[in-house]
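With full-length UniProt numbering applied, the sequence shown corresponds to residues 1 to 156, in that order.
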Amino acid sequence: MIVKSSILLIMFIGQLCTLAPNFYGTIIILAAACIYASIVGFNTLSSWIIIVLVSLVIIAEIGMRGLRSYLTKGYTISKTYSVNTTVCNLSGIIVADALLGSLIGLTIWELVVGKALVPYFESISKILVRLMIVAVLRFICGIIMIAIICKYLLYI
1 MIVKSSILLI MFIGQLCTLA PNFYGTIIIL AAACIYASIV GFNTLSSWII IVLVSLVIIA
61 EIGMRGLRSY LTKGYTISKT YSVNTTVCNL SGIIVADALL GSLIGLTIWE LVVGKALVPY
121 FESISKILVR LMIVAVLRFI CGIIMIAIIC KYLLYI
């Protein structure tokens with residue numbers, strides 16, 4: 001029971017990592033399945049499950065990276081700039097609100113920084129939506145992997 005619980009914990013950590021593009025969450029899930037299969041011993045069924053899981057990892061990691069590149073090509077703004085700009089803008093608003101109060105802080109932040117972001121807002125929002133779509137697809141691949149592992153390998 002402790003082994004199954006540990007494997008499930010590792011898989012859920014991997015599932016959370018699927019939401020970030022630089023973390024290989026599906027590989028973590030696959031590693032947890034391989035660890036469990038090696039502990040209890042491989043059989044014909046677990047070998048086929050590992051092959052199916054490897055296929056899902058290839059789709060999730062390599063396929064989604066290609067999809068992410070395809071969906072975001074042709075924009076003058078990079079993916080990194082889009083994400084960093086959004087995060088830094090929200091953080092700046094929170095800090096300005098904390099230091100100056102909500103109305104004055106938001107007003108000053110938007111007058112100083114917001115006007116620089118307005119020309120890029122449409123491109124940034126399109127890139128962010130496309131990056132979120134890819135993250136959701138990776139998340140779905142992780143859920144499918146966990147469901148297969150729980151049903152056929154862990155027998156839960």
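For every residue, glycine included, the Cβ atom is placed at its ideal position computed from N, Cα and C.
Quick caveat: nothing in here was measured; it's all calculated off a predicted structure.
Asked: How big is the Cα-Cα spacing for alanine 72 and isoleucine 133?; Found: Checking the sequence shown, residue 72 turns out to be threonine, not alanine. If I take the Cα positions, the gap works out to 11 Å.
Asked: If we count the other Cβ atoms within 10 Å of its Cβ and call it buried at 16 or more, is leucine 153 buried or exposed?; Found: buried
Asked: Taking the straight line between their C-alpha atoms, what separation do you get for arginine 65 and serine 102?; Found: 39 Å
Asked: Going by alpha carbons, who is nearest to isoleucine 108 out of Ile93, Pro119, Leu117?; Found: Ile93
Asked: Is the beta carbon of alanine 135 less than 8 Å from the beta carbon of leucine 45?; Found: no
Asked: On a CA-only basis, which of Ser78, Met1, Gly114, Glu61 is nearest isoleucine 29? Give me that one, please.; Found: Glu61
Asked: Over what stretch of residues does the alpha helix (DSSP H) that includes cysteine 150 continue unbroken?; Found: Looking at the DSSP string, cysteine 150 is not in any alpha helix (DSSP H), and its letter there is neither H nor E.
Asked: Please identify the residue among Leu56, Leu53, Met145, Lys79 whose C-alpha is closest to the C-alpha of serine 123.; Found: Lys79
Asked: Considering threonine 107, what are the terminal residues of the alpha helix (DSSP H) in which it resides?; Found: 102-109
Asked: Is alanine 20 helix, strand or coil when you go by DSSP?; Found: coil
Asked: According to DSSP, is lysine 126 helix, strand or coil?; Found: helix
Asked: Should glycine 105 and leucine 99 be called a contact, given that it needs their Cβ atoms to be closer than 8 Å?; Found: yes
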